[in-house]
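One structure is given below, encoded as structure tokens.
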Amino acid sequence: MSRTIPMLFQDQHIDVLVDRFNVLKSSYDALGAKPDEAELTRLRRDGACVLLQAPTGIGKTLIACEFMARFSPMDRVLWFWFSPFTGVLSQAKASLKQQAPSLVQLDIDTDRQIEKITPGSVFVLSWQTVAARSRDSRLVRQSGDVGMAVDDLIAEARNAGFRIGVIVDEAHHGFVRATEAGRFFAQVLAPDYVLLMTATPRDADAAKFAQQTGYRIGAPDEWASITRAEGVEAQLLKKSVKAARFIAQNQDDAQLLAFEEVAMSEATAMHRLIKKTLIDEGVDLVPLMLVQVPNGGQMLEKAKNYIINTLLFPETAVRSHTSDEPDPNLSALANDPQVEVILFKMAIATGFDAPRAFTLAALRGARDASFGVQVVGRIMRVHRLLQGRLEQLPPLLQYGYVFLANGEAQEGLLNAAAQINQLPGQLAAASPATVVTIVGGQSSVQVVKPGQTFSLLANQSVSTASENAADIANSEASTSEVITSSRQATRHVTPFGGEQASLFQVINTSSRTGADSGYEDPVDPLHPGLTHGFTEASQLANAFQLEAESTSFNYPLRSTAPRSLQTETLPVLSEDFELRLAQHIDFARVLGDRLKVRSRVTERVTDVFAAGTTPEDKDVWATVSSAAIAQKARQIAFQFEDVDRRELLQALRTRFREVLVNEGHEPPVDEEELTRQLELVLVRNDKLIRDAHKRLRAEQVSTATVHLPVSVSSLLPLAPAVRNLYGVFPDDLRPQEREFAELLDTSPEVMWWHRNPSRKPSSVALYGWAEGVGFYPDFVVGVTERVEGGGVALSEVKGPQLQQFDKAKAGAHHIVYGRVYMAGKAGAEGNFRLLRLTSDSQTLVDDGPFEVQRLRYS
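Written out as structure tokens, the structure is:
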């Protein structure tokens, strides 16, 4: 492919970059053939970096290639081009070959020889190659048969008169977040010329870069910046991006829909419409659909199977690219007309060009703007075949389309659009005024920012970013001295008398007396006459000793404690219980639900770059997810612990087929289809099994006596408690449960309290609260002056995330002990509140502060 001629706005940025670095070259030359290293470093760190921010697709790579090609004849430069990920290296190499053929590309693996370096030579690599802990990284930084260590190669190139230039693509990735990469940049590369490029600029990243490397980027008003409008006007970018999210009109069906499948289906419909439109317009271009899946898990394979088996894309037309299984030919895939779908994980959303892409299905997405910028960037580009003729094509082809499985991800897209729209149009600011002062044959550098003045003598020059970094280092050194002094001041209280003694050593010697250990008792430096006696063993040492003597700690039931409690129980199961349960299910009145496989969904489309415009709504029919239905159906069928799952499923299928025949319907021949219809009926009527179970068992709940264990044991010592039946706080208490237990333990209204275990022979259970599902309240409490239940109350502690989910438990009522008192907090802080279920059993409400005395009354 031939070289692309830069457009006017691109050319302006290229010229400014060349001029700026040419001025910087003159400053380097003024330092002389053998410059003072400190002054050279000062000049590099204050003037070498320029940041270019621009939306993806506007030509940052082209600008960088052209800049390198035009500037290289002006100086002897060895270039290093850093891509964000190894998977996009071929893309960068191809761009350089096309746009800057005069530059000689070298291979970092095989061309690390000084004789191969010529002015304008360039290594294209990723940060992982030189700054990761992988084997490959170690190899390129070691000398061997294939060449010199890259560190030595850079040093040799400098000795041969070369300066080092660095291009960083997607600068917010890689070394900004990696300490080792930052160290390599500042200490090994120590570049003389740096161009940083990013589509997601952040002031915090710029500050972190300066802190890590000592290289100054400057404030945003000094950066080179290109607006989205410039890219749209040049027809390098589509006019806008439209985002669609999906809202279920029937909330009962919302849980049955796989919105990932809805997003892929709608993206496919748009993809095929765009494909047809391109054919109708005589454009020889096959569009590309992108599918972004979450990182980790099996979502990628599920999505791929759905695209091939349900949406009927040929298997050869569907490819995937992830950090775990990268496709080395990603760039080729993006341009191969045989490939219509590329699946990729969110972690590698950055960096790869896909100019054929019009549609993107985001199966899950973050809400932050940087994610949105990368997602939008993948489909904003205009393919070369459409550039210059976009206005004459149908409006459908002038936009990109994102279909969101997770509606909340739209927030990230809108924030991204706002961030992109705010990018100003400005050329890189002129480099800070630099003066090389020569006094007595000694050259020095002054760098003056706008509003500052030169100093006659170099040692009076204004402070710079590198000096500020030095101040920080000095401050850290001062802090270190204070810490050292503090350590020295406390050294004498360390049992071994040395600051190297570990905490473990201190613990293990703290139980020894001075005479027994051979050491004098340590002296308190503030009170010389007072010694820190270690005459008694510490609690921890005693615990270690007890642990050595016994493998467990036993805590007997207190003599004043009750020996038994009352639990609810269900009648004994009959041998054919599963069959009887199925026979009690009334399938006849709900058979129509077996065919309701679609649900109406509103597709709401928003133009992400046109803030304030009214969204466009349209209704679409979404097919319910077989996987979601199957999972939900099993949750419904298996909610009772007293049934045999296999027997119940077989009985349900038999009963369902029987009712179909009796009602005049022809049952499916295929057993799998019969099961699918049964599952759909169960999910759309989730009380069918529960009502049958209630008639068989829950209406016959009775009570039984359970006996408390004579003792409890633990592998570790437990904290003592005053009112617990076993005198300790159990070790299975969650933080809020522990806090609640301490509230009980310190209350004079509590005679005793007990942590009620779940599903144990001694557990107190409730079965009548929800048609036979077992419920085990967290605490059983003996309360003074409580009349009901022989003075015993039940309490349940619920964190804020489960209060509404488990709200029915607040209405549970034990046959003997009465209501269950649900207590909880609105968050991690604050006091416990008593929670009550309204009379219609629909809403959980705050019933005032929890006070132990309220346990007296039901």
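1 is the number of the first residue of the sequence shown in full-length UniProt numbering; add one for each residue after it. Where a beta carbon is used, it is the ideal one built from N, C-alpha and C, also for glycine. Being a predicted model, the structure only gives us computed values, none of them experimental.
So the candidates are N305, A267, K302 and D280; which of them puts its Cα closest to the Cα of L290? To locate residue 290, count along the sequence shown from 1; it is residue 290. Selected option, being the one with the closest Cα: A267.
C-beta contact flag for L256 and A810 at 9 Å: Numbered from its first residue, the sequence shown carries residue 256 at position 256. Numbered from its first residue, the sequence shown carries residue 810 at position 810. In this structure, A810 does not lie closer than 9 Å to L256 by Cβ.
Give me, in chain order, the residues of the same chain whose beta-carbon lies closer than 6 Å to that of R657; leave out the 5 immediate sequence neighbours on both sides. Here residue 657 is taken as the residue at index 657 of the sequence shown, counted from 1. For R657, where only same-chain residues beyond five positions count, the Cβ hits under 6 Å are P667.
Look up N662 in the DSSP assignment and say whether it is helix, strand or coil. Reading the sequence shown from its first residue, position 662 is the one you call residue 662. Here N662 sits in helix by DSSP.
Buried or exposed, going by whether 16 or more other CB atoms sit within 10 Å of the CB of M74? Position 74 of the sequence shown, counted from the start, is the residue given in the question as residue 74. The residue is exposed, with fewer than 16 neighbouring Cβ atoms inside 10 Å.
Can you give me the Cβ contacts of V661 inside the same chain, cut-off strictly under 8 Å, excluding the 5 residues immediately before and after it? To locate residue 661, count along the sequence shown from 1; it is residue 661. So the list reads P667, once near-sequence residues are dropped.
To the nearest angstrom, how far is it from the Cα of V16 to the Cα of Q426? Here residue 16 refers to the residue found at position 16 of the sequence shown. Here residue 426 refers to the residue found at position 426 of the sequence shown. Distance between the alpha carbons of V16 and Q426: 11 Å.
Which of the three DSSP states is assigned to M264 in this structure? The sequence position of residue 264 within the sequence shown is 264, counting from 1. Three-state result, M264: helix.
Report yes or no: is there a C-beta of chain D within less than 9 Å of the C-beta of P287? The question asks about chain D, but that chain is absent: this structure has only one protein chain.
Quick check on DSSP: helix, strand or coil for M299? As a first step, residue 299 must be located in the sequence shown, where it is residue number 299. Note: M299 maps to helix in three-state DSSP.
The region 736 to 743 / the region 593 to 610 touching (three or more Cβ pairs under 8 Å): no
Where A515 falls: helix, strand or coil (DSSP): Walking along the sequence shown from the start, residue 515 turns up at place 515. Reliability fails at A515, whose pLDDT of 36 lies under 50, so the model's placement of it is uncertain and no value is given.
Whole beta strand (DSSP E) runs in the region 579 to 639 with 3 or more residues, listed along the chain? 598 to 607 and 616 to 623
Where the beta strand (DSSP E) containing G400 begins and where it ends: Along the sequence shown, one-based indexing puts residue 400 at 400. That run of the beta strand (DSSP E) goes Y399 to L404.
List, from N- to C-terminal side, the alpha helix (DSSP H) runs of 4 residues or more that fit wholly inside the region 644 to 720. 645 to 662, 671 to 684 and 688 to 696
Using C-beta distances below 8 Å, list every residue in its chain close to A207, excluding the 5 sequence neighbours before and after it, in chain order. Stepping through the sequence shown from its first residue, residue 207 is reached at position 207. Closer than 8 Å at Cβ, skipping near neighbours: no residue.
Where T213 falls, given that 16 or more other Cβ within 10 Å makes a residue buried: Counting from one through the sequence shown, the residue named residue 213 turns up at place 213. That one is buried.
Same chain, Cβ closer than 6 Å to H754, neighbours up to 5 away in sequence not counted: Mapped onto the sequence shown, residue 754 falls at position 754. Taken in chain order, the residues that qualify are L725 and V780.
Where does Y215 sit, in a helix, a strand or coil, going by DSSP? For this step, residue 215 is matched to residue 215 along the sequence shown. Three-state result, Y215: coil.
When DSSP labels each residue in this structure, what does A243 get in the three-state scheme? If you number the sequence shown from 1, residue 243 lands on position 243. A243 falls in the strand class under three-state DSSP.
Work out the CA separation of R836 and V816 for me, nearest whole Å. Position 816 of the sequence shown, counted from the start, is the residue given in the question as residue 816. Position 836 of the sequence shown, counted from the start, is the residue given in the question as residue 836. Whole-angstrom Cα-Cα distance: 20 Å.
Residues that I342 bridges to, as DSSP identifies them: The residue given as residue 342 occupies position 342 in the sequence shown. Paired residues: L290 and R319.
Do W81 and V124 have their C-beta atoms closer together than 9 Å? Translated into the one-based positions of the sequence shown, residue 81 becomes position 81. Translated into the one-based positions of the sequence shown, residue 124 becomes position 124. Yes, the pair counts as a contact, with Cβ atoms nearer than the cut-off.
Within its chain, find whatever has a CB closer than 7 Å to the CB of N421; leave out the 5 residues flanking it on each side and keep chain order. Counted from its first residue, the sequence shown places residue 421 at position 421. Closer than 7 Å at the Cβ level, and outside the excluded window around N421, lie R228 and F609.
Tell me the DSSP bridge mates of residue 876? Lying outside 1 to 858, the shown extent of the chain, residue 876 is not represented and no answer is given.
Take the Cβ of G161 as the centre, count every other Cβ of all protein chains shown within 10 Å, and call the residue buried at 16 or more, exposed below. As a first step, residue 161 must be located in the sequence shown, where it is residue number 161. G161 is exposed by the Cβ-count criterion.
Could you tell me whether the Cβ atoms of L688 and F587 are closer together than 9 Å? To locate residue 688, count along the sequence shown from 1; it is residue 688. To locate residue 587, count along the sequence shown from 1; it is residue 587. Against a cut-off of 9 Å, the Cβ pair of F587 and L688 comes out as a contact.
From L51, M299, K618 and Q105, residue whose alpha carbon lies closest to that of V77: By 1-based counting over the sequence shown, the position of residue 77 is 77. Out of L51, M299, K618 and Q105, Q105 has the C-alpha closest to the C-alpha of V77.
Whole-Å CB distance - E261 paired with Y306, under 8 Å assumed: For this step, residue 261 is matched to residue 261 along the sequence shown. For this step, residue 306 is matched to residue 306 along the sequence shown. Confirmed, Cβ separation roughly 6 Å.
Mapping DSSP to helix, strand and coil, what is H383? Counted from its first residue, the sequence shown places residue 383 at position 383. Correct three-state label for H383: coil.
Of the listed residues D619, V605, L682 and E671, nearest to I636 (C-alpha basis): As a first step, residue 636 must be located in the sequence shown, where it is residue number 636. Here the closest residue by C-alpha is L682.
Classify K34 as helix, strand or coil using the three-state DSSP reduction. One-based indexing of the sequence shown puts residue 34 at position 34. Here K34 sits in coil by DSSP.
Take I164 as the anchor and find which of A199, Q128, V130 and P119 has the nearest alpha-carbon. Locating residue 164 in the sequence shown gives position 164, where the first residue counts as 1. Among A199, Q128, V130 and P119, the Cα nearest to that of I164 belongs to P119.
To the nearest angstrom, how far is it from the Cα of residue 859 to the Cα of L360? This structure cannot settle anything about residue 859, because the visible part of the chain is limited to 1 through 858.
Host alpha helix (DSSP H) of Q736 (start-end): Here residue 736 refers to the residue found at position 736 of the sequence shown. Counting along the chain, the alpha helix (DSSP H) containing Q736 begins and ends at P735 to D745.
According to DSSP, is L62 helix, strand or coil? Looking up residue 62 in the sequence shown gives position 62. Three-state DSSP puts L62 in a helix.
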